[in-house]
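So the protein lines, in turn, are chains A and B.
Start counting the first sequence at 49; every next residue gets the next number (this note's numbering).
Start counting the second sequence at 20; every next residue gets the next number (this note's numbering).
Ideal Cβ positions, reconstructed from N, Cα and C, are used throughout, including at glycine.
What you are looking at is a predicted structure, and each value in this text was computed from that prediction instead of being measured.
To keep things clear, I will list the structure first and then write my remarks on it.
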Amino acid sequence: MTQEFFQISDEPIQVDEIVKKVESRDAGAITTFIGTVREWTKGKRTLYLEYQAYKPMAIKMLTTIGKEIQTKWPNTEVAITHRVGRLDISDIAVVIAVSSPHRKAAYEANEYAIERIKQIVPIWKKEHWENGETWLGDQLENVPYPEGKPHIKE
Amino acid sequence: MITVLLFAQLQEDAGTDQLELNIDEINVRELKERLQSDYNLSKLDQVMVAVNEEYALDDDVIKKGDTVAIIPPVSGG
């Protein structure tokens, strides 16, 4: 059943469906993070994005993140769905919902989840710019592969 | 056979998302060297490698039947 809480989807994400998964009578707070496609990045205009995932491993890693959160912040519930395929400006790329008895844990755990996604989940973003295209290769979304090759940031 | 999955830029460089290599046993470092020389994939020192959907280290051994994924720095979220 855990699997359903962590999904990779090629269909538009319905935010309320993700929120519903973490609803609980023990919860006093639910935080949601909605990652959307930005048009302008440092003066460059994005026309649309393409996300690719290594789906079975991505689901595994999302599940791992959920377990990490439940260890660090007990009594939380976590659900994450990440979209793949072509996304236009303002489309939703990722939704993270965390419920907890008190709000602080829900806020903290939610931020932790997006940071971990950018570190360990095998998903890649291809920017289709006004004047070209690049697979992005770093978690901070600002360093494209200059020669079209991966780049590790120190 | 070892199945090698490629993603993002590496997939475009190789012109395929999957390679089948006729190898019985090889470690991660040797596989990266082999991909670099035989398939012209560069900068493989900067990628992560997953064996059967788990991240692996350079000295980990890959055996016949395993599925290996070459994972360039991720950019989800």
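If you draw a straight line from the C-alpha of residue i to the C-alpha of residue j, how long is it?
{"i": "Q28 of chain B", "j": "I89 of chain B", "result": "11 Å"}
{"i": "I78 of chain A", "j": "L97 of chain A", "result": "29 Å"}
{"i": "T80 of chain A", "j": "I21 of chain B", "result": "41 Å"}
{"i": "L24 of chain B", "j": "R73 of chain A", "result": "43 Å"}
{"i": "G114 of chain A", "j": "D78 of chain B", "result": "29 Å"}
{"i": "K90 of chain A", "j": "G96 of chain B", "result": "18 Å"}
{"i": "L188 of chain A", "j": "K92 of chain A", "result": "Low confidence applies here, because L188 of chain A scores a pLDDT of 49, under 50, leaving its location unreliable; read the following figure in that light. Cα-Cα distance, rounded: 16 Å."}
{"i": "N123 of chain A", "j": "T111 of chain A", "result": "16 Å"}
{"i": "E65 of chain A", "j": "L54 of chain B", "result": "42 Å"}
Any C-beta of chain B sitting closer than 8 Å to the C-beta of residue i?
{"i": "L184 of chain A", "result": "yes"}
{"i": "W204 of chain A", "result": "As displayed, chain A neither begins before 49 nor continues past 202, which places residue 204 of chain A out of reach and without an answer."}
{"i": "Y96 of chain A", "result": "no"}
Hey, could you find the ends of the alpha helix (DSSP H) residue i is sitting in?
{"i": "R86 of chain A", "result": "Counting along the chain, R86 of chain A falls outside any alpha helix (DSSP H), and DSSP gives it neither H nor E."}
{"i": "E159 of chain A", "result": "R151 to I168"}
{"i": "D57 of chain B", "result": "V47 to Y58"}
{"i": "I128 of chain A", "result": "First-last for I128 of chain A: E125 to R131, but that is the beta strand (DSSP E), not the alpha helix (DSSP H)."}
{"i": "Y95 of chain A", "result": "Note that residue 95 of chain A is Leu in the sequence shown here, rather than Tyr. Looking at the DSSP string, L95 of chain A is not in any alpha helix (DSSP H); the run it does join, the beta strand (DSSP E), is K92 to A101."}
{"i": "L29 of chain B", "result": "A27 to A33"}
{"i": "E65 of chain A", "result": "V63 to V70"}
With C-beta atoms as the reference, is residue i less than 8 Å away from residue j?
{"i": "I168 of chain A", "j": "I144 of chain A", "result": "no"}
{"i": "V70 of chain A", "j": "E125 of chain A", "result": "yes"}
{"i": "V93 of chain B", "j": "I171 of chain A", "result": "yes"}
{"i": "G185 of chain A", "j": "P91 of chain B", "result": "yes"}
{"i": "A157 of chain A", "j": "V142 of chain A", "result": "no"}
{"i": "F26 of chain B", "j": "Q55 of chain A", "result": "no"}
Between residue i and chain A, is any beta-carbon pair separated by less than 8 Å?
{"i": "I90 of chain B", "result": "yes"}
{"i": "E39 of chain B", "result": "no"}
{"i": "L54 of chain B", "result": "no"}
{"i": "V93 of chain B", "result": "yes"}
I need the boundaries of the beta strand (DSSP E) containing residue i, first residue and last residue.
{"i": "M20 of chain B", "result": "Careful: M20 of chain B lies outside any beta strand (DSSP E) and carries neither H nor E."}
{"i": "K174 of chain A", "result": "I171 to W177"}
{"i": "V3 of chain B", "result": "The requested residue 3 of chain B is not part of the displayed model; chain B covers only 20 to 96."}
Any beta carbon from chain D within less than 8 Å of residue i's own beta carbon?
{"i": "Y160 of chain A", "result": "In the structure shown, chain D cannot be found, because the protein chains are A and B."}
Exercise. Given 8 Å as the limit, is there contact between the segment 75–90 of chain A and the segment 101–114 of chain A, that is, 3 or more CB pairs closer than that?
Worked result: no
Exercise. Would the segment 128–142 of chain A and the segment 55–63 of chain A be scored as touching if the rule is three or more Cβ pairs under 8 Å?
Worked result: yes
Exercise. Three or more C-beta pairs closer than 8 Å, one from the segment 47–60 of chain B and one from the segment 147–157 of chain A: is that the case here?
Worked result: no
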